[in-house]
Each structure stands twice: as structure tokens, then as C-alpha cells.
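Colleague: In terms of our numbering, the sequence shown has 30 at position 30, counting the first letter as 1, and numbering is strictly consecutive.
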Amino acid sequence: TLSEAQMFIDDTPGITISDLRTKARREAHQRPLGLIIVDYLQLMSGGSRFGGDGNRVQEISEISRGLKGVAREMNVPLIALSQLSRSVESRTPQIPQLSDLRESGSIEQDADVVAFLYREDYYNPESDRKNIMDILIKKHRNGPTGGVELYFDRDKQRISSLDVKHSDPFND
Numbered sequence: 001t002l003s004e005a006q007m008f009i010d011d012t013p014g015i016t017i018s019d020l021r022t023k024a025r026r027e028a029h030q031r032p033l034g035l036i037i038v039d040y041l042q043l044m045s046g047g048s049r050f051g052g053d054g055n056r057v058q059e060i061s062e063i064s065r066g067l068k069g070v071a072r073e074m075n076v077p078l079i080a081l082s083q084l085s086r087s088v089e090s091r092t093p094q095i096p097q098l099s100d101l102r103e104s105g106s107i108e109q110d111a112d113v114v115a116f117l118y119r120e121d122y123y124n125p126e127s128d129r130k131n132i133m134d135i136l137i138k139k140h141r142n143g144p145t146g147g148v149e150l151y152f153d154r155d156k157q158r159i160s161s162l163d164v165k166h167s168d169p170f171n172d
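Encoded structure:
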């Protein structure tokens, strides 16, 4: 279970790449790292050299490149969550595209894989695709792009395969 997993969580607000790298190295000396997750990239800071000069696009580009460097140095996969721009809301259908990544084209450029989560019933409550979540692979540096349909249990915030029976033994 998740409570038994060996996990280190750091919720330092505005963490820099340098601080993340230092903490990852420290953790790697104590136990092997299997994965680094950043939630989310736009909450990170580019450091003192970007101290409020207003060039957020350049700062996000540096953060994106830095995350790629941390993943390479630590030899682990790194998942960086990112906000989308509001442009996705203004078109129909609202399926996310690479151009919707917020504040920088360098996120798309630096990433090996870019995947989006999409639920049609979020935007269209009348949709016949209730409880279906699509994982849309829009970029894959070393493989194919495409999509996967999964079952989404909104009440429990649980995602599972569509071929699994979706029932709750305690409520049946």
C-alpha cells in the first residue's frame, strides 16, 4: 500500500533546480531512487538570477532543462506535472495539445514523453463517455504516440483498466 511505500515528499514552495538536485543526491545516498515527481513545474523557482525580472518564459525554460539534467544525473525517470494555458478551454473539443503547455515551448522540447489526461464528461456532462479518462500521448521521443482509455471513478479519484469490473464490495 501507499502507506508502506518508501517515499520522500518535499513540499518546499518555490524550490529551485539546485535545491531539488541536492535533495535528490542526499536521498540517493540513503536508498536507491526509483522516480522523481514534480507537482508542478510552474511552482518551481528559477533561482535568484530570475528574481522578479518578469521573464517567466525564460525561467520556465531553464527549469525544464534543469529537470532533464536532474533526471539524467540521477538516472531515474522524472515526471513533471505542468499547467495548461487557458486556450484549451476556448476551443471545441477541449482536447489538450502540445501548444497548450503553459509559459514555454521548451517543456515540449525538453520532454521525452508528453502525456495529457482528458475526460470528455468534464467538459460535456451529457457525454456518453461517462467515467472514461483518456491518457493522450502527444509526444514520445522513442516511440509511438496515441491514446489509452481508462476507467475513472470520480468519487474515489481512482483510475483503472476498462476491463476490470467496477464495483464496490462494501456498497453492492
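Virtual Cβ for every residue (Gly too), placed ideally from N, Cα, C.
Predicted, not measured: the structure shown is a model, and the values here were computed from it.
1) Which parts of the segment 85 to 153 are runs of the beta strand (DSSP E), unbroken and 3 residues or longer, counting only runs that do not cross its ends?
2) Are ARG119 and PHE152 closer than 8 Å when you measure CB to CB?
3) Rounded to a whole number of angstroms, what is the C-alpha to C-alpha distance between GLY46 and ARG102?
4) Using a Cβ-Cβ cut-off of 6 Å (strictly less than) and excluding sequence neighbours within five positions of ILE132, which residues of its own chain qualify?
5) Tell me which residues share the same chain as ILE37 and place their Cβ nearer than 7 Å to its Cβ, disregarding the 5 neighbours each side in the sequence.
6) With DSSP as the reference, label ILE36 as helix, strand or coil.
7) I'd like to check one pair, GLN42 with GLN83: are the Cβ atoms closer than 8 Å?
8) With respect to the alpha helix (DSSP H) encompassing SER18, which residues constitute its N-terminal and C-terminal limits?
9) Spatial neighbours of ASP112 within its chain, please: CB distance less than 6 Å, with the 5 preceding and 5 following residues excluded, ordered by chain position.
10) Counting C-beta neighbours from all protein chains within 10 Å, is the total for LEU20 16 or more, i.e. buried, or is it exposed?
11) Between which residues of its own chain and ASP110 is the CB-CB distance below 7 Å, once the five residues before and five after are set aside?
12) Whose C-alpha, out of GLY143, LYS139 and ILE95, is nearest the C-alpha of GLY105?
13) Given ILE159, which residues of its chain have a CB within under 8 Å of its CB, disregarding the five upstream and five downstream residues?
14) What would DSSP say about SER61, mapped onto helix, strand or coil?
15) Could you compute how far the alpha carbon of LEU35 sits from the alpha carbon of GLN94?
16) Hey, VAL70 and ILE17 are a contact pair by Cβ (cut 8 Å); roughly how many whole angstroms apart?
Modeller: According to the structure shown:
1) 113 to 118, 132 to 140 and 146 to 153
2) yes
3) 16 Å
4) Non-local beta-carbon contacts of ILE132 in its own chain, meaning distances under 6 Å to residues more than five positions away in sequence, involve GLU149 in chain order.
5) ILE79
6) strand
7) yes
8) 17 to 30
9) ARG141
10) buried
11) SER64, ARG65 and LYS68
12) The option with the nearest alpha carbon to GLY105 is LYS139.
13) Excluding residues within five positions, the ones whose Cβ falls inside 8 Å are MET133, LEU150, TYR151, PHE152 and ASP153.
14) Three-state DSSP puts SER61 in a helix.
15) Their backbone Cα atoms lie some 30 Å apart in a straight line.
16) 7 Å
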